[in-house]
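S.K.: The structure under discussion is supplied below as structure tokens; questions concerning it will follow.
2 protein chains.
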Amino acid sequence: MELFTERGYDDVTVAEIAERAGLQKRSFFRHYTDKREVLFTGSAEFQRTVVDTVRAAPTSMTPVDAVMAALAQGGTGLTDWGEPVHQRQRIVSSAQELRERELIKMDALTAAVDDALRHRGVQDITATRLAQVGVAAFTTAFQQWSEAAEPQDFAAIIDDALTRLRTALCEPQ
Amino acid sequence: MELFTERGYDDVTVAEIAERAGLQKRSFFRHYTDKREVLFTGSAEFQRTVVDTVRAAPTSMTPVDAVMAALAQGGTGLTDWGEPVHQRQRIVSSAQELRERELIKMDALTAAVDDALRHRGVQDITATRLAQVGVAAFTTAFQQWSEAAEPQDFAAIIDDALTRLRTALCEPQ
DNA sequence: CCGGCGATGACACCAGGTGTCTTCGCTCAA
DNA sequence: TTGAGCGAAGACACCTGGTGTCATCGCCGG
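Top to bottom, those sequences are chains C and H.
FYI, the numbering for the first sequence is 1 to 173, going by our numbering.
FYI, the numbering for the second sequence is 1001 to 1173, going by our numbering.
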């Protein structure tokens, strides 16, 4: 993160990252499959958190609500980290290869949420759609959060995103 | 495509692709920025088609309907190619780096549709949501089409996808 | 017939990524 | 205490994607 922020993602070499960590280039690739992957360590844990929350939601909850609550909670956990998350976000959006990686992580998250919904007994096709919509709302909410000047409440942003989506889809002007 | 199908994406080298085309490795990179990009030549044109269709839709049409009609039309244009598209799809889904590239192309498409909707006077945030939902429906519809044993009508699939989404979102059980 | 221009050849070079063997440090049992 | 065993790291060669650079060739208009 230090190196990337100082000189930009492309101008930092893996050998330099390894050196700063007191290791050899080869050792870097024993910990991360990719140069990109070093910026996505947390994503597996984040995904697990969201999935667990969806599964643990009371059966009285609507599937939509369960998904949105899980994503809101997970997102709040992220945004609580504050500045480091902002920093990471700036780096990721600066390079296309990183945005690609982020997109595929979100795709994996979508698949995982989809799966969690099916475990709740939601019909297959419905589950897929809900997962897609939920993750899309999460993504834009997160982007909005990271672009905002003032610190904002993540849960409020993502709720707003969903409401607007519902309106647009179901009550077209 | 021949080489990739014969031996798999990873085991084909750029030098070999160039050789089969009677060119030098360096010349390949004068035509494509990437090894991946050679599988995404059509995507710019596809995006242009969809955007133009959204813009050209009569003002009497609902934004949702305009988007879905444009995507259905564009998708039908794709699926009309038949087997080559299936072949390409098999290759793309076989390698993570290719799926990543595909995702970012879809992201670009989403942004373009978003923009086109705003030009129609749709409110900004609504436009973004509609574009996301539309492209998501397109993606799953296309996937369903490419996995189907029998040739199917693309427009019907994508319509079905949207209907189910509306139901899931607006009339939760 | 010539000057210029775009496309390609030729070639060196860098960085990401991998295979392989060795070395080091720790743990645990005899 | 010692030594076998094992995982993590070092060392190093090697491949491939990707770029910079310069020479070359064919074409086209004047």
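A virtual CB, placed ideally from N, CA and C, is assigned to each residue, including glycine.
Residues in its own chain within less than 7 Å of residue 76(C) by CB, not counting five upstream and five downstream?
M.R.: On the first sequence, position 76 is the one that residue 76(C) refers to. Contacts found: 154, 155.
S.K.: Can you name, in chain order, every residue of its own chain whose Cβ lies under 8 Å from the Cβ of residue 1016(H), other than the five neighbours on each side?
M.R.: For the purposes of this step, residue 1016(H) is taken as residue 16 along the second sequence, with counting starting at 1. Result list for residue 1016(H): 1003, in chain order.
S.K.: Which two residues bound the contiguous alpha helix (DSSP H) that contains residue 102(C)?
M.R.: Locating residue 102(C) in the first sequence gives position 102, counting from the first residue. 96-119 is the extent of the alpha helix (DSSP H) around residue 102(C).
S.K.: Using the Cβ count rule (16 or more neighbours within 10 Å means buried), how would you classify residue 69(C)?
M.R.: In the first sequence, residue 69(C) corresponds to position 69, counting from 1. Result: buried.
S.K.: Please state the DSSP three-state secondary structure of residue 35(C).
M.R.: Here residue 35(C) refers to the residue found at position 35 of the first sequence. Of the three classes helix, strand and coil, the one that applies to residue 35(C) here is coil, per DSSP.
S.K.: When the Cβ atoms of the region 95-103 of chain C are set against those of the region 1095-1107 of chain H, are three or more pairs found closer than 8 Å?
M.R.: With the cut-off at 8 Å, the region 95-103 of chain C and the region 1095-1107 of chain H touch.
S.K.: Could you check the C-alpha separation between residue 9(C) and residue 35(C) for me, to the nearest Å?
M.R.: Within the first sequence, the letter at position 9 stands for residue 9(C). Within the first sequence, the letter at position 35 stands for residue 35(C). Between residue 9(C) and residue 35(C), the C-alpha separation is close to 10 Å.
S.K.: Based on Cα-Cα distance, which residue from 133(C), 90(C), 109(C), 91(C) lies nearest to residue 65(C)?
M.R.: Within the first sequence, residue 65(C) is the residue found at index 65, counting from 1. With distances taken between Cα atoms, residue 65(C) lies closest to 133(C).
S.K.: With distances taken Cα to Cα, identify the nearest neighbour of residue 1105(H) among 1159(H), 1091(H), 1037(H).
M.R.: The residue given as residue 1105(H) occupies position 105 in the second sequence. Cα-wise, what sits closest to residue 1105(H) is 1037(H).
S.K.: Beta carbon of residue 117(C), beta carbon of residue 58(C): below 8 Å?
M.R.: Along the first sequence, one-based indexing puts residue 117(C) at 117. Along the first sequence, one-based indexing puts residue 58(C) at 58. It is not a contact, given that the beta carbons lie outside the stated cut-off.
S.K.: Please report the Cβ distance between residue 1138(H) and residue 1125(H), rounded to the nearest whole angstrom; I am assuming they are in contact, meaning their Cβ atoms lie under 8 Å.
M.R.: Within the second sequence, residue 1138(H) is the residue found at index 138, counting from 1. Within the second sequence, residue 1125(H) is the residue found at index 125, counting from 1. Contact doesn't hold; Cβ gap of about 21 Å is too wide.
S.K.: With H, G and I counted as helix, E and B as strand and the rest as coil, what does DSSP make of residue 1146(H)?
M.R.: Locating residue 1146(H) in the second sequence gives position 146, where the first residue counts as 1. Residue 1146(H): helix per DSSP, three-state reduction.
S.K.: Starting from residue 1065(H), trace the alpha helix (DSSP H) in both directions and tell me its first and last residue.
M.R.: Position 65 of the second sequence, counted from the start, is the residue given in the question as residue 1065(H). Segment 1063-1079, the alpha helix (DSSP H) holding residue 1065(H).
S.K.: Rounding to the nearest angstrom, what Cα-Cα distance links residue 73(C) and residue 41(C) in this structure?
M.R.: For the purposes of this step, residue 73(C) is identified with residue 73 of the first sequence, where counting begins at 1. For the purposes of this step, residue 41(C) is identified with residue 41 of the first sequence, where counting begins at 1. In a straight line, the C-alpha of residue 73(C) is about 19 Å away from that of residue 41(C).
S.K.: Name the residues in the region 100-122 of chain C whose C-beta lies less than 7 Å from a C-beta of chain H; which are they?
M.R.: Listed by position, the residues of the region 100-122 of chain C near chain H (Cβ gap below 7 Å) are 100, 101, 103, 104, 107.
S.K.: So residue 1132(H) contacts chain C; which residues on that side make the cut at Cβ distance below 7 Å?
M.R.: Here residue 1132(H) refers to the residue found at position 132 when the second sequence is read from its first residue. Result: 136.
S.K.: Give me the Cα-Cα distance between residue 90(C) and residue 1151(H), rounded to the nearest whole angstrom.
M.R.: Position 90 of the first sequence, counting from 1, holds the residue named residue 90(C). Position 151 of the second sequence, counting from 1, holds the residue named residue 1151(H). Near 44 Å, if we compare the C-alpha coordinates of residue 1151(H) and residue 90(C).
S.K.: If we call anything under 8 Å between Cβ atoms a contact, is residue 1078(H) one with residue 1050(H)?
M.R.: Stepping through the second sequence from its first residue, residue 1078(H) is reached at position 78. Stepping through the second sequence from its first residue, residue 1050(H) is reached at position 50. Their beta carbons are not under 8 Å apart, which means residue 1078(H) does not touch residue 1050(H) by this criterion.
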